[in-house]
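Q: Dropping the structure in here first, questions after.
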Amino acid sequence: MVHAYILIQTEVGKAASVAAEIAGIPGVTSSEDVTGPYDVIVRAEADNVDQLGQLVVARVQNVEGITRTLTCPVVHL
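Residue 536 is where the sequence shown starts when you use the working numbering, and the numbers rise one by one after that.
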């Protein structure tokens, strides 16, 4: 299982609606609007890196109001 944080920048005033819509996507375990350089932080999981990439590109990035994403896979050192 691969876990990742997805940091999202949105259009002005869209953070709450983006976070709410993303929360309903399968594979997303949490989605919260935050303050700072990013507007939404998402925690997601997938069986492998390829499926994680598909989740981000095919599902998350298609949510209206998103301007940029940064995916940070969790590593265990």
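Backbone N, C-alpha and C fix where the C-beta goes; we use that ideal spot for every residue, glycine too.
Using 10 angstroms around the beta-carbon of E599, count the other beta-carbons present and answer buried if the total reaches 16, otherwise exposed.
A: exposed
Q: Excluding the 5 residues flanking Q596 on each side, which residues of the same chain have their C-beta closer than 8 Å to its C-beta?
A: T604
Q: Based on DSSP bridge pairs, tell me the residues matched to L605.
A: L542
Q: Within 10 angstroms of the Cβ of T564, are there 16 or more other Cβ atoms? Answer buried if so, exposed if not.
A: exposed
Q: Excluding sequence positions up to five away, which residues of its chain have a Cβ less than 7 Å from the Cβ of N556?
A: The residue you asked about is not Asn; residue 556 is Glu in the sequence shown. Correct list, in chain order: V598.
Q: Measuring CA to CA, which of I541, V537, E567 is closest to T606?
A: I541
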